[in-house]
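S.K.: For the record, the sequence lines run as chains F and W. Residue numbers in the first sequence follow our numbering, run continuously in steps of one, and reach 172 at the last position. Residue numbers in the second sequence follow our numbering, run continuously in steps of one, and reach 213 at the last position.
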Amino acid sequence: MNENEIQLKVQALVDGELTGREAEALQQRINDDAKLQHLHAKLTQMRGLIADSELPRPLPESRDFYWNKIAETIEHEKRAGERAAPPKPVSRWLLRWLAPVAGVSALVLLLTLQQPTAPDLGITLNSDHELEMSDDEIDVMTYNSDDDSMSIVWLDYSMDIQRDYMELWLD
Amino acid sequence: MPSVPDYSTAKEPQLVNWAKEGDLQSFEELVSRYRDRAYARAFSIMRNEDLAVDLSQNAWVKAWQRLAQFHGEASFPTWLNRIVTNLCLDELRRRKRARMDSIEEIEEATGPVENRMEIQEVDPMERLNREELRERIDAAMAKLSDNHRTVLVLYEYEQIEYKHIAEKMGTSIGTVMSRLFYARKKMAALLGETLKRDGLIE
């Protein structure tokens, strides 16, 4: 141990930071060394001098002025804490159920909108219109409208009919 | 809690319990009783009136917010002063980051001043009354560097062990021991000078 280390050890002894055999050994060394005895005595004196020396110091502000700032800060931080606080249990419960329900609803809506729709033929059917389809002759469909004063007949020329017609014509 | 509690005569643990329940008036009574102590501790470390007022007020706010953590192991003012001290240390750290190390700290690291200084022969107890002595010690404390004053306050006033001081100050136990030793030597020298100047010692 160099001189500086021994000085710090003596101080640790004075401060009660050394215990057991280390303290005993150092005490023995101090007993045998006049310089260390002197240091030990002075450090002990300084410690006793400073320990109880903190001056009582009255606040330079009035009681109300001092307290008002504390109360205002407490209130301000309370409000800030409430704003930043996590949602209360009821709203948390709502959020837990609302989110999946909203998700499912959005999915259903999306699927509904994507369903294939009939092509717009510009024909509005109502009670004044009549659409006839032949049961036995599915190749013929008739549309009648009194409002529009019109009738439309669709004829489906199947390949068989077309072939018959062609044969007849060629003959 | 009674309907109209008598705060001024209530005992400290009762006031603390009421405050824990959210009673701000009982907390105000605690502030009234211990505000000077909190301010004095902040001033001992910071040596600046305005800062000491601000930091002690901040400590009261923190105390209100952490009241649930106070279980009465120490007295309420002791607990409060720990908060004050911690806030002062935070403030010193902030300031230290913003400035270069002082010459005193450089000297401390290299050791020339420490090695040259001898502890002065100070025996002022015989010549001064306690109040005069306190004022001289207070004036000497004001001349120490922040680090040396803080370590003295933590050890002598707060009675915190070396290892806990090291934790609070974010340094090693060896540095705490060195700062404490240097601070005491400097205090002895400063007190010796003032007593000599006043003709109280040769």
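Ideal Cβ positions, reconstructed from N, Cα and C, are used throughout, including at glycine.
1) Could you have a look at W/ILE171 and say whether DSSP puts it in helix, strand or coil?
2) Just confirm the distance between the C-beta atoms of W/ARG52 and W/ASN92, as a whole number of angstroms; I'd bet it's less than 8 Å.
3) With three or more C-beta pairs closer than 8 Å as the rule, is the region 178 to 196 of chain W touching the region 68 to 85 of chain F?
4) Determine the direct distance from the alpha carbon of F/LEU60 to that of W/LEU66, and round the result to whole angstroms.
5) Check for me: the alpha helix (DSSP H) holding W/LYS154 runs from which residue to which?
6) For the putative contact between W/ILE100 and W/ALA151, defined by C-beta atoms under 8 Å, what is the C-beta separation to the nearest angstrom?
7) Straight-line CA distance for F/SER63 to W/ARG46?
8) By alpha-carbon positions, which one of F/GLU18, F/LYS10, F/GLU6, F/VAL11 ends up nearest to W/LYS174?
9) Beta-carbon separation of F/LEU40 and F/ARG30 under 8 Å?
10) Which whole-angstrom value is the C-beta distance of W/ARG195 and F/MET2, which I expect to be below 8 Å?
11) Which same chain residues, not among the five before or five after W/ILE171, have their C-beta less than 8 Å away from its C-beta?
12) Listing by chain order, which chain W residues have their CB less than 7 Å from the CB of F/PRO59?
13) State the DSSP-derived secondary structure class of F/TYR67, mapped to helix, strand or coil.
14) CB W/LEU6 to CB W/LEU41, shorter than 8 Å?
15) By the 8 Å beta-carbon criterion, what residues does the region 70 to 88 of chain F contribute toward chain W?
16) Compare the C-beta of F/ALA52 against all C-beta atoms of chain W and say whether one is closer than 8 Å.
17) In whole angstroms, what separates the C-alpha of W/TYR214 from that of F/HIS77?
18) List, in chain order, every chain W residue whose beta-carbon is nearer than 7 Å to that of F/ARG30.
19) If you draw a straight line from the alpha carbon of W/GLU146 to that of F/LEU56, how long is it in whole angstroms?
20) As a quick exercise: from F/LEU50, F/ALA100, F/ASN5, pick the residue whose alpha carbon is nearest that of W/GLU142.
21) Would W/THR9 be called buried (16 or more neighbouring beta carbons within 10 Å of its own) or exposed?
22) Against chain F, which members of the region 52 to 66 of chain W pass a CB distance test of less than 7 Å?
23) Does any residue of chain W have a CB that is nearer than 8 Å to the CB of F/MET47?
24) Classify F/THR113: buried if its beta carbon has 16 or more other beta carbons within 10 angstroms, exposed otherwise.
25) Given W/PRO24, which residues of its chain have a CB within under 7 Å of its CB, disregarding the five upstream and five downstream residues?
26) Does F/GLN38 get closer than 8 Å to chain W when you measure Cβ to Cβ?
27) So W/ASN69 and W/LEU98 are in contact, right, with Cβ under 8 Å, and what is the actual spacing, rounded?
28) What does F/GLU23 touch in chain W if you count any residue whose Cβ is under 7 Å from its own?
29) Rounded to the nearest angstrom, what separates W/PHE54 and W/ASP157 at their Cα positions?
30) Output, in sequence order along the chain, the residues in the region 181 to 206 of chain W whose CB is closer than 7 Å to any CB in chain F.
31) Considering only C-alpha positions, which residue in the set W/ALA79, W/GLN80, W/HIS159 is nearest to W/MET57?
32) If you check the beta carbons only, do W/ALA30 and W/LEU103 fall under 8 Å apart?
33) Which residues in chain F sit within 8 Å of W/LEU35, going by Cβ to Cβ distance?
34) Run the CB neighbour count on W/SER86, radius 10 Å, all protein chains shown included, and call it buried at 16 or more, exposed below.
M.R.: Answer, in terms of the structure:
1) coil
2) 5 Å
3) no
4) 12 Å
5) No alpha helix (DSSP H) contains W/LYS154, which DSSP labels as neither H nor E.
6) One point to set straight first is that residue 100 of chain W is Leu, not Ile, in the sequence displayed. Contact flag wrong, Cβ pair sits at about 21 Å.
7) 11 Å
8) F/GLU18
9) no
10) Wrong, their Cβ atoms sit about 20 Å apart, outside the cutoff.
11) LEU165, LYS179
12) ASP47
13) helix
14) Shown here, chain W extends from 12 to 213; a query on residue 6 of chain W therefore has no answer.
15) LYS70, ILE71, ALA72, THR74, ILE75, GLU78
16) yes
17) Within the shown structure, residues of chain W are numbered from 12 to 213, placing residue 214 of chain W beyond reach of any answer.
18) Per Cβ cutoff of 7 Å: no residues; F/ARG30 is ~17 Å from chain W at best.
19) 7 Å
20) F/LEU50
21) The structure shown does not extend to residue 9 of chain W, since chain W is modelled only from 12 through 213, so no value can be given for it.
22) PHE54, SER55, GLU60, VAL64
23) yes
24) exposed
25) GLY83
26) no
27) 6 Å
28) Result: empty, since nearest Cβ-Cβ is about 14 Å, beyond 7 Å.
29) 12 Å
30) MET188, SER189, LEU191, PHE192, ARG195, MET198, ALA199
31) W/HIS159
32) no
33) ALA72, ILE75
34) exposed
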